[in-house]
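Visitor: Please read through the structure below; I'll follow up with questions.
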Amino acid sequence: MTLPADLLDAIASAAVREGLADAVFTRLSTPIGRLLIVQGPQGVVRVGFEEDPEDVLLAGVAARLGPRIVASDRELAATRDAVEAYFAGDDETLAVPVDLQLVRSDFRRAALVALHDEVHPGHVVTYGGLAARIGHPKAARAVGSACATNPVPLIVPCHRVVPGSGGVGSYGGGPHRKRQLLAHEGAILT
Amino acid sequence: MPRAPLPPFWSLIESHGAELLLHARRLAGDDHAEDVLQDAMLRALRAYPRLAHAEHLRAWLYRVTTSAAMDHHRARRREVPTEQPPTAAVEADYDDGAFDALIAPLPEASRRVLRLRFVDDLDYDQLGARLGCSPVAARQRVSTAVRTLRKQGTPA
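Residue numbers (this note's numbering), protein chains in the order written: chain Y, 5 to 194; chain X, 9 to 164.
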């Protein structure tokens, strides 16, 4: 048994309005399954796939941003709209604020920033190619780690990073999702 | 000793929200229960990062809800606004006496029942075992005490 949705919404919105929320999350159904999106004051900090345990994921956010985490579809309406527009094919830019504070190292952050800013829908880059873009042409494996630990998949498009040897390579959400996203963007043929 | 981190607040609402709404309904009535619960959850959020530990959170939320219900009740009974701030039962310290002050008008037997239920967080099976009665009888004793408290209003 849960509380009425309008009461939950009212509590969450009041919490956000009064500055009492360290982060807000929303659950969104998409063609790649249900996504959990968590947003802090500076932007989206975490995106999880439906098989990621929600309590673990939120606890990770709480450890960094604070424990006052509330759920609200309404407060994250702009972010939900952007993700829905992406999957509808109306606007694939996913132009929402991103906050990479859950990324553990400067190198990984630099790789993810370059990926986010420079590799657009419909394009792919190799691990080595992304490493070269941030000035470390031999660091393909480290770029692979940055992608594997990307806290905001989809928003920072690690699905657009592929092996130089061919194929789509691995993906935190599974290779099937990577293939599905790349096909959706027209980067590969299904 | 490492302390367990506080769980994300919403997981508490998703686990305990429905029973807290019932509690608010028993204390404040159907018409006011949702307002009371919303107020209680905002109070809880304000205090949450300052809690000393992550234990007995359900019992803590019951106390915050009880306190919000009593303040709501008091605010509605008063015709003129008061300069007195609302009771601070929500503060980080668990043993600040606010709950005891709240239940002070009751006889000791009722106070003991409410303390076992809401401070020590016993469920009705455990409460019945402690009081030497059935879980159903334990539940009745709690609700009678809460009802009495509600009728009497709040301590000065």
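All C-beta atoms in this analysis are idealised placements derived from N, C-alpha and C, irrespective of residue type, glycine included. Computed from a predicted structure; not experimentally measured.
1. Quick check on proline 155 (chain Y): buried or exposed, where buried means 16 or more other Cβ atoms within 10 Å of its Cβ?
2. Can isoleucine 205 (chain Y) and threonine 83 (chain Y) be called in contact, C-beta distance under 8 Å?
3. For serine 174 (chain Y), which residues of its own chain have a beta-carbon under 7 Å away from its beta-carbon, when the five flanking residues on both sides are left out?
4. Would you verify that the beta carbon of phenylalanine 17 (chain X) is, or is not, closer than 8 Å to some beta carbon of chain Y?
5. Can you confirm whether the segment 117 to 131 of chain Y touches the segment 161 to 179 of chain Y when touching is taken to mean that 3 or more C-beta pairs between the two stretches lie within less than 8 Å?
6. Starting from glycine 37 (chain X), find everything on chain Y with Cβ-Cβ shorter than 7 Å and list it in chain order.
7. I want to see whether chain X comes within less than 8 Å of alanine 81 (chain Y), judged by CB atoms only; does it?
8. Could you tell me which chain X residues have their CB closer than 8 Å to the CB of proline 71 (chain Y), listed as they occur along the chain?
9. Sorted by chain position, which residues of the same chain lie with C-beta nearer than 7 Å to histidine 40 (chain X)'s C-beta, five sequence neighbours on each side aside?
10. Chain X beta carbons: is any one of them nearer than 8 Å to that of threonine 30 (chain Y)?
11. Under DSSP, the beta strand (DSSP E) around threonine 30 (chain Y) begins and ends at which residues?
12. Can you check whether the CB of alanine 115 (chain Y) is closer than 8 Å to the CB of alanine 152 (chain Y)?
13. Quick one: give me the first and last residue of the beta strand (DSSP E) that isoleucine 41 (chain Y) is part of.
14. Using beta-carbon positions only, say whether leucine 65 (chain X) and leucine 20 (chain X) come within less than 8 Å of one another.
15. Among X:Pro13, X:Ala77, X:Ala52, X:Arg34, whose alpha-carbon lies nearest the alpha-carbon of glutamate 63 (chain X)?
16. Tell me, please, whether the segment 68 to 76 of chain Y touches the segment 19 to 37 of chain Y by the rule of three or more beta-carbon pairs shorter than 8 Å.
17. Are the CB atoms of isoleucine 159 (chain Y) and leucine 69 (chain Y) within a distance shorter than 8 Å?
18. Grab the span of the alpha helix (DSSP H) containing glycine 190 (chain Y) for me, first residue to last.
19. Counting only beta-carbon atoms, is leucine 45 (chain X) nearer than 8 Å to chain Y?
20. Is aspartate 101 (chain X) close to chain Y? Criterion is C-beta to C-beta, closer than 8 Å.
21. Compare the C-beta of aspartate 59 (chain Y) with all C-beta atoms of chain X and state if any pair is closer than 8 Å.
22. Within 10 angstroms of the Cβ of glutamine 184 (chain Y), are there 16 or more other Cβ atoms? Answer buried if so, exposed if not.
23. Which residues in chain X sit within 9 Å of leucine 11 (chain Y), going by Cβ to Cβ distance?
24. Just confirm the distance between the C-beta atoms of leucine 50 (chain X) and alanine 18 (chain Y), as a whole number of angstroms; I'd bet it's less than 8 Å.
25. How is the beta strand (DSSP E) around glycine 52 (chain Y) delimited, first residue to last?
26. Looking only at its own chain, which residues have a Cβ that is under 8 Å from the Cβ of alanine 164 (chain X), when we skip the five neighbours before and after it?
27. Of the residues that make up the segment 66 to 78 of chain X, which ones have a beta carbon closer than 8 Å to any beta carbon in chain Y?
28. So, at 6 Å on beta carbons, what are the nonlocal neighbours of alanine 118 (chain Y) in its own chain, with the 5 sequence-adjacent residues on each side left out?
29. Name, please, each residue of chain Y whose Cβ falls closer than 7 Å to the Cβ of glutamine 22 (chain X).
30. Any idea if glycine 148 (chain Y) is buried or exposed, counting beta-carbon neighbours within 10 angstroms, 16 or more meaning buried?
31. Which of helix, strand or coil does DSSP assign to proline 157 (chain Y)?
32. Tell me the DSSP bridge mates of alanine 75 (chain Y)?
33. Which whole-angstrom value is the C-beta distance of proline 113 (chain X) and leucine 157 (chain X), which I expect to be below 8 Å?
34. Between X:His24, X:Val121, X:His61, which has its C-alpha nearest threonine 152 (chain X)'s C-alpha?
Guide: On the basis of the coordinates in this document:
1. Here proline 155 (chain Y) is buried: its Cβ has 16 or more other Cβ atoms, across all protein chains shown, within 10 Å.
2. Past the edges of chain Y, shown from 5 to 194, lies residue 205 (chain Y), and the structure says nothing about it.
3. Correct list: empty, nothing qualifies.
4. So yes, phenylalanine 17 (chain X) belongs to the interface.
5. Output reads yes: the segment 117 to 131 of chain Y touches the segment 161 to 179 of chain Y.
6. Ordered by position in chain Y, no residue passes the 7 Å Cβ test against glycine 37 (chain X), which lies about 16 Å from the chain.
7. Not closer than 8 Å to any Cβ of chain X, the Cβ of alanine 81 (chain Y) fails to qualify, so no.
8. Under the 8 Å cutoff, chain X gives Pro13, Leu14, Pro15, Pro16, Phe17, Tyr56, Pro57.
9. If we look at histidine 40 (chain X) and ignore the five residues flanking it on each side, its Cβ neighbours are His80.
10. Put simply, the CB of threonine 30 (chain Y) is far from chain X, with every gap to its CB atoms at 8 Å or more.
11. Taken as a continuous stretch (DSSP letters only), the beta strand (DSSP E) holding threonine 30 (chain Y) covers 27 to 34.
12. No, these two residues do not count as a Cβ contact at 8 Å.
13. 37 to 44 is the span of the beta strand (DSSP E), which, as asked, contains isoleucine 41 (chain Y).
14. Yes, the pair counts as a contact, with Cβ atoms nearer than the cut-off.
15. Comparing alpha-carbon positions, the option among X:Pro13, X:Ala77, X:Ala52, X:Arg34 lying closest to glutamate 63 (chain X) turns out to be X:Pro13.
16. Using a Cβ-Cβ distance cut-off of 8 Å, the segment 68 to 76 of chain Y and the segment 19 to 37 of chain Y are in contact, since at least three pairs of beta carbons, one from each stretch, lie closer than that value.
17. Not a contact, by the Cβ cut-off of 8 Å.
18. Per DSSP, glycine 190 (chain Y) belongs to no alpha helix (DSSP H) and is neither H nor E.
19. When Cβ-Cβ separations below 8 Å define contact, leucine 45 (chain X) makes contact with chain Y.
20. The predicted position of aspartate 101 (chain X) is uncertain, since its pLDDT is 42 and thus under 50; a value taken from the coordinates is nonetheless stated next. Taking Cβ atoms only, chain Y never reaches closer than 8 Å to aspartate 101 (chain X), which makes this a no.
21. Yes, because at least one Cβ of chain X sits closer than 8 Å to the Cβ of aspartate 59 (chain Y).
22. With 16 or more Cβ atoms within 10 Å of its Cβ, glutamine 184 (chain Y) is classed as buried.
23. Under the 9 Å cutoff, chain X gives Gly25, Leu29, Glu42, Leu45, Gln46.
24. The pair is a contact, with the Cβ atoms about 6 Å apart (cut-off 8 Å).
25. Annotation for glycine 52 (chain Y): the continuous beta strand (DSSP E) segment containing it runs 47 to 52.
26. The pLDDT assigned to alanine 164 (chain X) is 36, lower than 50, so where the model puts this residue is not dependable; a value taken from the coordinates is nonetheless given after this. Here the set comprises nothing.
27. From the segment 66 to 78 of chain X, no residue has a Cβ closer than 8 Å to chain Y.
28. If we look at alanine 118 (chain Y) and ignore the five residues flanking it on each side, its Cβ neighbours are Arg137, Ile138.
29. In the sequence under discussion, the amino acid at residue 22 (chain X) is glutamate, which differs from the glutamine named in the question. Those within 7 Å of glutamate 22 (chain X) in chain Y are Thr6.
30. Around the CB of glycine 148 (chain Y), 16 or more other CB atoms lie within 10 Å, so the residue is classed as buried.
31. Note: proline 157 (chain Y) maps to strand in three-state DSSP.
32. DSSP lists Y:Phe29 as partners of alanine 75 (chain Y).
33. Separation of the CB atoms of proline 113 (chain X) and leucine 157 (chain X) is rounded to 7 Å, and the pair is thereby assigned contact status at 8 Å.
34. Check the Cα spacing between threonine 152 (chain X) and each of X:His24, X:Val121, X:His61: the tightest is with X:Val121.
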